[in-house]
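Here is the structure we will look at, set down as structure tokens.
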Amino acid sequence: MLRHRIQIKEKHIYLHFPSEPFPSRKKIVQQTENTDWLELYAKNRLKEAQPFIIDCIQFCTKQETLTLKFIFMSTKMSTNSLVNYRYLGKSGLRVSCVGLGTWVTFGGQITDEMAEEILTLAYESGINFFDTAEVYAAGKAEILLGKILKKKTWRRSSYIISTKLYWGGKAETEKGLSRKHIIEGLKSSLVRLQLDYVDIVFANRPDSHTPMEEIVRAFTYVINQGWAMYWGTSRWSPTEIMEAYSVARQFNQIPPIAEQAEYHLLQREKVELQMPELYQKIGVGTITWSPLAGGILTGKYDDGVPIYSRAALKGYSWFKDKILGEEGRRQQAKLREAAIIADRLGCSMSQLALAWVLKNENVQCVLLGASTVDQLYLNIQALQYVPKLSGSIMQELDKILGNSPKLKKESNMRNWLQRSTSKP
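Quick note: the sequence shown uses the UniProt record's numbering, first residue 1, plus one each step.
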């Protein structure tokens with residue numbers, strides 16, 4: 001394994017490697033936590049400076065150590081002009097087009113200090129939506145988020161907090177969507193968050209064992225108590241969302257405002273075909289998560305699993321197996337083709353993937369995860385590439401990936417028509 005040492009002095013970062021052989025850019029990326037901003041800078045090539053990212057790269061040999069010197073600019077990051085706002089579904093709630101998620105990172109992968117820096121950058125960049133869940137790091141994510149918010153002097157009315165309920169504890173009564181757990185689970189989340197209320201409380205998954213009327217009435221109750229402003233769903237099917245809406249209308253209760261759904265270049269059907277219909281019929285909005293497919297779309301897994309990546313974390317062997325499997329290898333081959341488009345646009349593969357999600361006008365908010373400030377900064381920069389994704393580029397990506405649900409639907413319809421009109 002390539003040994004490295006990172007030394008931080010003021011605004012300089014030094015990475016020390018054995019001088020022979022010189023490590024490739026990909027190996028530098030794989031052996032450091034600074035994956036996303038390192039991947040933008042190839043050996044012996046300088047790019048235009050970005051605030052707090054890399055002003056220039058210097059290579060020098062001293063004794064038996066090769067030093068890569070990254071000199072940071074001292075100017076303040078300018079990201080708040082990029083973030084825009086959209087109404088969540090047909091509600092009056094204005095959410096930033098990108099939000100900050102806390103899964104894996106807060107209370108787990110990163111330090112408390114790094115979490116505060118990331119949250120601060122997000123807020124100062126114009127991001128007003130912060131998402132967590134009772135299950136994240138067994139409640140530690142909520143505790144850390146609440147601790148940081150308590151420390152800051154931000155007006156409570158200036159940001160949106162959401163949490164999700166389903167997996168609360170080990171006891172049978174501490175999980176699911178029973179009236180008991182929805183009420184007690186949310187009250188416990190508020191204690192951990194040190195808040196009087198959350199803006200949105202989500203059902204983290206459907207619960208087939210609890211009657212829909214009980215679920216809808218329980219979420220209506222916590223809203224009426226002032227513990228939440230709205231409620232929503234996550235990982236629910238369109239049929240389940242429609243049932244919740246119908247029950248709410250039947251019993252004069254409050255319907256869900258939004259669905260949290262996985263959406264990225266490799267998973268498309270639900271958000272592109274089903275959610276727009278729900279929006280038109282009942283006004284349910286769409287918040288998406290995992291825009292980089294857990295890091296798969298960054299290109300970092302081209303040559304295996306980097307030691308600092310999510311797939312290398314304890315408890316994520318399923319993710320590692322997914323990446324290294326046959327389907328994972330096929331996906332990486334397609335992504336290498338897509339990366340050519342990213343190079344043409346002058347952005348990273350990560351930024352292309354994020355811009356592609358943001359291009360969908362039916363998505364009101366995209367939840368981002370970040371393990372470093374630099375990573376979040378570059379992810380926000382993806383917003384500037386959204387206008388550059390022309391119709392021809394989107395078609396080119398569809399052709400490479402071969403998974404456009406609309407094209408599949410049209411193809412299936414043509415096949416059906418051909419079969420139905422053909423002679424026996």
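Beta carbons: idealized from backbone N, C-alpha and C, even for Gly. In this text, all values refer to a predicted model and were calculated from it rather than measured experimentally.
Spatial neighbours of residue i in its chain, beta-carbon cut-off 6 Å, leaving aside the 5 residues before and after
{"i": "residue 167", "result": "135, 175"}
{"i": "residue 44", "result": "Caution applies to residue 44, whose pLDDT of 33 falls short of 50 and renders its modelled position unreliable; the value that the coordinates give is listed next. Here the set comprises nothing."}
{"i": "residue 188", "result": "none"}
{"i": "residue 109", "result": "371"}
{"i": "residue 215", "result": "177"}
{"i": "residue 230", "result": "200, 257"}
{"i": "residue 224", "result": "none"}
{"i": "residue 207", "result": "176, 177"}
{"i": "residue 171", "result": "none"}
{"i": "residue 232", "result": "200, 202, 256, 257, 258"}
{"i": "residue 91", "result": "257"}
Cβ-based neighbour list, residue i, same chain, cut-off 7 Å, excluding 5 preceding and 5 following
{"i": "residue 226", "result": "197"}
{"i": "residue 21", "result": "Annotation note: pLDDT 40 at residue 21 (below 50); position unreliable, coordinate value reported separately. Taken in chain order, the list of residues that qualify is empty."}
{"i": "residue 396", "result": "341"}
{"i": "residue 102", "result": "131, 132, 136, 141, 145"}
{"i": "residue 50", "result": "Here the model assigns residue 50 a pLDDT of 39, short of 50, so the residue's position is not dependable and the matter cannot be decided."}
{"i": "residue 62", "result": "Confidence is the limiting factor: at residue 62 the pLDDT is only 38, short of 50, which leaves the residue's position unreliable and the question unanswerable from this model."}
{"i": "residue 290", "result": "262, 264"}
{"i": "residue 173", "result": "180, 181"}
{"i": "residue 210", "result": "176, 177, 178"}
{"i": "residue 95", "result": "85, 86, 88, 128, 129, 160, 364, 365"}
Bridge-paired residues (DSSP) for residue i
{"i": "residue 194", "result": "DSSP, once it has assigned bridges, lists no residue as partnering residue 194."}
{"i": "residue 234", "result": "260"}
{"i": "residue 160", "result": "129"}
{"i": "residue 285", "result": "258"}
{"i": "residue 265", "result": "DSSP, once it has assigned bridges, lists no residue as partnering residue 265."}
{"i": "residue 203", "result": "165, 233"}
{"i": "residue 228", "result": "198"}
{"i": "residue 86", "result": "95"}
{"i": "residue 175", "result": "167"}
Distance CB(residue i)-CB(residue j) smaller than 9 Å
{"i": "residue 288", "j": "residue 262", "result": "yes"}
{"i": "residue 367", "j": "residue 202", "result": "no"}
{"i": "residue 350", "j": "residue 297", "result": "yes"}
{"i": "residue 236", "j": "residue 205", "result": "yes"}
{"i": "residue 149", "j": "residue 193", "result": "yes"}
{"i": "residue 156", "j": "residue 121", "result": "no"}
{"i": "residue 292", "j": "residue 334", "result": "no"}
{"i": "residue 200", "j": "residue 246", "result": "no"}
{"i": "residue 345", "j": "residue 388", "result": "yes"}
{"i": "residue 118", "j": "residue 372", "result": "yes"}
{"i": "residue 82", "j": "residue 383", "result": "yes"}
{"i": "residue 183", "j": "residue 221", "result": "yes"}
{"i": "residue 284", "j": "residue 241", "result": "yes"}
{"i": "residue 143", "j": "residue 107", "result": "yes"}
8 Å Cβ shell around residue i - same chain, five flanking residues per side excluded
{"i": "residue 379", "result": "36, 98, 350, 351, 354, 368, 370"}
{"i": "residue 249", "result": "255"}
{"i": "residue 362", "result": "271, 272, 275, 276, 279, 286"}
{"i": "residue 217", "result": "179, 251, 253"}
{"i": "residue 358", "result": "97, 98, 366, 382, 383, 386"}
Reference residue i; option with closest CA among the options
{"i": "residue 88", "options": "259, 331, 224", "result": "259"}
{"i": "residue 385", "options": "164, 213, 356, 243", "result": "356"}
{"i": "residue 393", "options": "374, 377, 337, 364", "result": "337"}
{"i": "residue 93", "options": "143, 364, 104, 112", "result": "364"}
{"i": "residue 374", "options": "115, 91, 107", "result": "115"}
{"i": "residue 185", "options": "332, 138, 213, 211", "result": "138"}
{"i": "residue 105", "options": "209, 376, 398", "result": "376"}
{"i": "residue 330", "options": "181, 359, 381, 403", "result": "403"}
{"i": "residue 125", "options": "243, 84, 111, 218", "result": "84"}
{"i": "residue 151", "options": "252, 381, 112, 358", "result": "112"}
{"i": "residue 244", "options": "158, 154, 213", "result": "213"}
Discussion item. Which runs of the beta strand (DSSP E) at least 3 residues long sit entirely within the segment 90-154? Give them in chain order.
Written reply: 94-96, 98-101, 129-131
Practice prompt. For the segment 360-408, list the alpha helix (DSSP H) runs that are entirely contained and at least 4 residues long, ordered along the chain.
Written response: 373-381, 391-401
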